[in-house]
Amino acid sequence: MKKLIVLAAIAAVSFTSVHAQEVRFGIKGGVNFASLNGDDADDLDGKTSIHLGGVVNIPISELFAVQPEVIYSRQGFENSEPELFDVTVYLDYLNIPIMADFTVAEGLSLQGGPQVGININSISKDNNTDNETDIDDVETLDLGVGIGGQYKLPMGLFFQARYVIGLSDVFPDANAKNSVVSVSVGWFFN
3 MKKLIVLAAI
13 AAVSFTSVHA
23 QEVRFGIKGG
33 VNFASLNGDD
43 ADDLDGKTSI
53 HLGGVVNIPI
63 SELFAVQPEV
73 IYSRQGFENS
83 EPELFDVTVY
93 LDYLNIPIMA
103 DFTVAEGLSL
113 QGGPQVGINI
123 NSISKDNNTD
133 NETDIDDVET
143 LDLGVGIGGQ
153 YKLPMGLFFQ
163 ARYVIGLSDV
173 FPDANAKNSV
183 VSVSVGWFFN
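Taken in order, the sequence shown gives residues 3 to 192; the numbers are from the numbering used here.
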């Protein structure tokens, strides 16, 4: 019985300390510098595009938080040999990163963690004719790992820089993984 009371007390103190610190909800958007890496992606150029989504910062302690996000992200690549085949490929994902957020100085934190991406649209655009074609053989699930940093101002404005390297191939029969550098600006509402 004493063990149960001690465990309940520890849980109550933990719950209180998490809720004593403010869970913050926010939005963010920014620019992606995306490409593919791998043996079958050597002749591809990067694609600059956008991302937009929601963020939740959940404090666990004074120096550590968990930050899940749900982000629409346009990624892709361009062919670097336009004399052969001049195309731009757009890969649209719903990305769900779950970042561990370690505070290293007032307002500044380092982040890292896994990301799951779900491909929601894939289009190949012929740059000579502007004709677009759906791509059917893109893998639905994209697993990756992200690292980066975040700077939060007291008023709620925040800035992020992150690199996500893909762990899974984008196409079934090709060694080509997503590689995305993103720069974001956002706002925590509370």
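Glycine is no exception: its CB is placed at the ideal position from the N, C-alpha and C atoms.
Counting only runs of 3 or more residues that sit fully inside the region 21 to 102, the beta strand (DSSP E) segments are 26 to 39, 49 to 61, 66 to 81, in chain order.
Burial is judged here by how many other beta carbons sit within 10 angstroms of a residue's own beta carbon; methionine 101 has at least 16 and is buried.
Residue pairing by DSSP puts alanine 107 in a beta bridge opposite Leu110.
The secondary-structure analysis by DSSP pairs glutamate 134 across a beta bridge with Lys127. The distance from the Cβ of isoleucine 125 to that of aspartate 136 is about 6 Å, consistent with a contact at the 8 Å cut-off. Taking C-beta atoms as the reference points, serine 186 and lysine 30 count as a pair closer than 8 Å. Setting aside the 5 residues that flank it on each side, valine 91 is surrounded in the same chain by Gly78, Phe79, Ser126, each with a C-beta closer than 6 Å to its C-beta; the list follows chain order.
Annotation for valine 166: the continuous beta strand (DSSP E) segment containing it runs 159 to 171. In this structure leucine 93 does not touch valine 118 by the C-beta definition: roughly 15 Å separates them, more than the 8 Å allowed.
Taking the CA atoms as reference points, glutamate 64 sits about 8 Å from glutamine 23.
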